[in-house]
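Asks: Sharing a structure here in structure tokens format.
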Amino acid sequence: MVDFLAAAGAGAAAAPPAWLTWLPIIGMVLIFWFLIIRPQMKRQKEHQAKVSGLKKGDQVVTAGGLVGKIAKVDDTYVEIDLAQGVRVKAIKHTIGDVIPPGGSPAND
């Protein structure tokens with residue numbers, strides 16, 4: 138009789154299936170993918186497209202906040218006219234944004 142009760146108690150406390158224990162972890166990975174990783178990859182692709190499409194005469198904002206007009210584009214560097222007679226050489230990937238024609242920066 139005692140063996141029957143022990144067997145019945147062991148059967149009632151059986152562990153859940155293994156896939157069920159992994160379900161919360163898989164859910165968290167999916168949440169991270171759709172809320173963090175995927176949008177970051179999309180922004181990175183957009184920035185890469187902007188940088189590869191830079192041309193002379195585009196008005197840009199650098200990552201440091203400098204606003205100027207592109208004077209020369211190279212494979213790695215960009216020369217930017219900040220003011221009359223003031224030209225800086227910047228790494229292409231430090232360009233933060235391209236200002237559309239007719240648009241003005243927020244601080245003007």
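Each residue of the sequence shown is one higher than the one before, starting from 138 at the first, in our numbering. The C-beta atom is built at its ideal place from N, Cα and C for all residues, glycine as well.
Measuring CA to CA, which of 225, 234, 191 and 151 is closest to residue 212?
Replies: If we check each option's Cα against that of residue 212, 191 comes out closest.
Asks: Determine the closest residue to residue 238 out of 200, 193 and 220, with distance taken between C-alpha atoms.
Replies: For residue 238, the nearest C-alpha among the options comes from 193.
Asks: Whole angstroms are fine: how far does the CA of residue 169 sit from the CA of residue 176?
Replies: For residue 176 and residue 169, the distance between alpha carbons rounds to 10 Å.
Asks: In angstroms, rounded to a whole number, what distance separates the CA positions of residue 157 and residue 172?
Replies: Approximately 23 Å between the Cα atoms of the pair.
Asks: For residue 199, which three-state DSSP category applies?
Replies: Strand, per DSSP.
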